[in-house]
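Colleague: Taken in order, the sequence shown gives residues 18 to 456; the numbers are from this note's numbering.
The C-beta atom is built at its ideal place from N, Cα and C for all residues, glycine as well.
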Amino acid sequence: MKNFKLLVCAFVFLCCNNAMAGMLLMQYESNKAKKQYTQQRNIHLNRHFIVAIDGAMPKYTNELLKNSTKEYVENLLNEYFEYDKNDFLSLVTYQVDLSNPDFNRFAFAPHISNGTSALWKQQDKVDFSALGNWAGMVIQQNRFVGINKASFQSAAKQYILQAVKQSSNLGANDTYIIMLSDEKVNGVDDNYQLEWNNISTSRGSRIAPYREEVFSKLKNINQRYQFEPVRFYGQYKHEFAHIAKEPFVLAIYKVRPTIIPSIQSIANIPAQLPFKKVRGGYAFDLDLSTTDPMYFVSKTELILNGKNKKYTSKESKLNQVIDKEVLSEGDTVTVRVWVNYKDGIYNGLVMNPYDEDYRKGLTITQSVVFKDDAKIFGKIAMPDFLWWFWADDVQAIVIFWDVVFILLFAIIICVLTYRCFKRVTAYFPNNDSIKIIHM
18 MKNFKLLVCA FVFLCCNNAM AGMLLMQYES NKAKKQYTQQ RNIHLNRHFI VAIDGAMPKY
78 TNELLKNSTK EYVENLLNEY FEYDKNDFLS LVTYQVDLSN PDFNRFAFAP HISNGTSALW
138 KQQDKVDFSA LGNWAGMVIQ QNRFVGINKA SFQSAAKQYI LQAVKQSSNL GANDTYIIML
198 SDEKVNGVDD NYQLEWNNIS TSRGSRIAPY REEVFSKLKN INQRYQFEPV RFYGQYKHEF
258 AHIAKEPFVL AIYKVRPTII PSIQSIANIP AQLPFKKVRG GYAFDLDLST TDPMYFVSKT
318 ELILNGKNKK YTSKESKLNQ VIDKEVLSEG DTVTVRVWVN YKDGIYNGLV MNPYDEDYRK
378 GLTITQSVVF KDDAKIFGKI AMPDFLWWFW ADDVQAIVIF WDVVFILLFA IIICVLTYRC
438 FKRVTAYFPN NDSIKIIHM
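(1) Quick one: what does DSSP say residue 352 is sitting in, helix, strand or coil?
(2) Hey, quick one: how far does the alpha helix (DSSP H) through residue 176 stretch, first residue to last?
(3) Hey, residue 305 and residue 282 are a contact pair by Cβ (cut 8 Å); roughly how many whole angstroms apart?
(4) Is it buried or exposed for residue 65, if we count other Cβ within 10 angstroms and need 16 for buried?
(5) From what residue to what residue does the alpha helix (DSSP H) around residue 386 run?
(6) Quick check on the DSSP output: the beta strand (DSSP E) that includes residue 368 runs from which residue to which?
(7) Let's test the definition: count the other Cβ atoms within 10 Å of the Cβ of residue 346 and tell me whether it reaches 16, buried, or not, exposed.
(8) Hey, how far is the Cα of residue 280 from the Cα of residue 351?
(9) What residue range is occupied by the uninterrupted alpha helix (DSSP H) comprising residue 210?
(10) Straight-line CA distance for residue 370 to residue 381?
(11) What span of residues does the alpha helix (DSSP H) with residue 228 cover, start to end?
(12) Do the CB positions of residue 310 and residue 302 come within less than 7 Å of each other?
(13) So what's residue 36 in DSSP terms, helix, strand or just coil?
(14) For residue 323, which residues of its own chain have a beta-carbon under 8 Å away from its beta-carbon, when the five flanking residues on both sides are left out?
(15) Residue 110 and residue 72: beta carbons closer than 7 Å?
(16) Can you give me the Cβ contacts of residue 175 inside the same chain, cut-off strictly under 6 Å, excluding the 5 residues immediately before and after it?
(17) Just to confirm the assignment: which complete beta strand (DSSP E) runs, minimum length 3, are found wholly within the stretch 82-142?
(18) Count the other CB atoms within 10 Å of the CB of residue 104; is the residue buried (16 or more) or exposed (fewer)?
(19) Pick out whichever of 230, 265, 272 has its Cα sitting closest to the Cα of residue 244.
(20) DSSP three-state call for residue 79: helix, strand or coil?
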């Protein structure tokens, strides 16, 4: 309804005031774009937003330090992406000193007001002022970089991702790099080899000896991640200013893994989900410890489809006893797993089975087949009133009662045989052959 009103007002103003009509149409398109993103957003996913700022664009320093630039980024995250308390925020600046190169500081996380680095912070809404002074944070890296510097734009995203490497088990399901830069790639396309050739031969440059180290790192990161441009407000870039050959813009990239694993490829999972009968119900005992050290299962979920029942474990093992009233053989169940990707580069990606990218590989749906569902004499289901001990071992209790019933049967047979034998061998004289003679 709000968008319809804007469209009507724009049409009215179009007849009277072209400028006002244009503003209203832009707002309409903005609201439409936001609505489309909101409709697509998956509420099951949390996100990590990395705001990355090019430190080697001196012509745009004043534009970068403006409060309006900070507010645009805040509004983009809060209004368009609907940032919330479950999301994470990092701030990184990047530039390399060509005369005194230190690639360990190419991408740099500034310190904030509490003395910590601006990495993996959580807020209800993005507010850079709560972290510290915007101007102070975005130019902090300049203390370590001389005047002969370059952004090395074609390699920046890879180093930015490494700069926010997660050292704990925290993680995000989606990661976005929001780059504020002049996009200058020193006369080449987004090709780090060609850009390296240009900046390494520029006046005063001393980066040539680092070529193999840098290229090896970039190749390794590119084998594991790709960076996909993202549309926002109907565009791929927002232009802040254009006072030089290259404009000062904001662009967004979504970080995606190049390999999407399946749970079968990284863990030893049985072909049939392990349900077995125990006293009072059924035990589900699943261990998804991974065989590949780059992955580990951080959460496991079992859903009884159609029964409105869900069981969750915040680790790779799920041990659960399910009441016999809610589960029967042939019922359909679903197992979902969350996988942390510990690649040694970023370590912050959590693959979520509610994400369409990972749903197929991290979800298993099967019909229930009870494992070791032993029965007395192979015919009689084990009733709970006879399950006196070995509560978790149906095989043992069935064997026990098999032996008990066989012994009872043998005793009954022996008793009946004895009685029959006694009856058959007993002597009963014929009364007719017995005569009593009186003396």
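Modeller: Short version:
(1) Working through the sequence shown from its first residue, we reach residue 352 at position 335. Residue 352: strand per DSSP, three-state reduction.
(2) Here the question's residue 176 lines up with position 159 in the sequence shown. Its alpha helix (DSSP H) spans residues 170-180.
(3) Walking along the sequence shown from the start, residue 305 turns up at place 288. Walking along the sequence shown from the start, residue 282 turns up at place 265. Actually they are not in contact, since the Cβ atoms of residue 305 and residue 282 sit about 12 Å apart, beyond 8 Å.
(4) Mapped onto the sequence shown, residue 65 falls at position 48. When all chains shown are included, residue 65 counts as buried.
(5) On the sequence shown, residue 386 is found 369 positions in, with the first residue counted as 1. Careful: residue 386 lies outside any alpha helix (DSSP H) and carries neither H nor E.
(6) Sequence index remark: in the sequence shown, residue 368 carries index 351 (1-based). Here the beta strand (DSSP E) through residue 368 covers 366-368.
(7) Residue mapping note: residue 346 aligns to position 329 of the sequence shown, counting from 1. By the 10 Å Cβ count, residue 346 comes out exposed.
(8) Here residue 280 corresponds to residue number 263 of the sequence shown, with the count starting at 1. Here residue 351 corresponds to residue number 334 of the sequence shown, with the count starting at 1. Going by the C-alpha atoms only, they are around 13 Å apart.
(9) Reading the sequence shown from its first residue, position 193 is the one you call residue 210. Segment 209-217, the alpha helix (DSSP H) holding residue 210.
(10) Here the question's residue 370 lines up with position 353 in the sequence shown. Here the question's residue 381 lines up with position 364 in the sequence shown. Spanning the two alpha carbons is a distance of roughly 10 Å.
(11) The residue you call residue 228 lines up with position 211 of the sequence shown. Its alpha helix (DSSP H) spans residues 228-241.
(12) On the sequence shown, residue 310 is found 293 positions in, with the first residue counted as 1. On the sequence shown, residue 302 is found 285 positions in, with the first residue counted as 1. Taking 7 Å as the Cβ cut-off, residue 310 and residue 302 do not qualify as a contacting pair.
(13) Residue 36 sits at position 19 when you count from the first residue of the sequence shown. Its pLDDT being 49, under 50, residue 36 is placed unreliably in this model, and the value from its coordinates should be taken loosely. Reduced to three states, the DSSP call for residue 36 is helix.
(14) The residue labelled residue 323 in the question sits at position 306 within the sequence shown. If we look at residue 323 and ignore the five residues flanking it on each side, its Cβ neighbours are 348, 349.
(15) Indexing the sequence shown from 1 puts residue 110 at position 93. Indexing the sequence shown from 1 puts residue 72 at position 55. It is a contact, given that the beta carbons lie within the stated cut-off.
(16) Here residue 175 refers to the residue found at position 158 of the sequence shown. Excluding residues within five positions, the ones whose Cβ falls inside 6 Å are 235, 238.
(17) 105-111
(18) Counted from its first residue, the sequence shown places residue 104 at position 87. Buried.
(19) As a first step, residue 244 must be located in the sequence shown, where it is residue number 227. For residue 244, the nearest C-alpha among the options comes from 272.
(20) Locating residue 79 in the sequence shown gives position 62, counting from the first residue. Helix.
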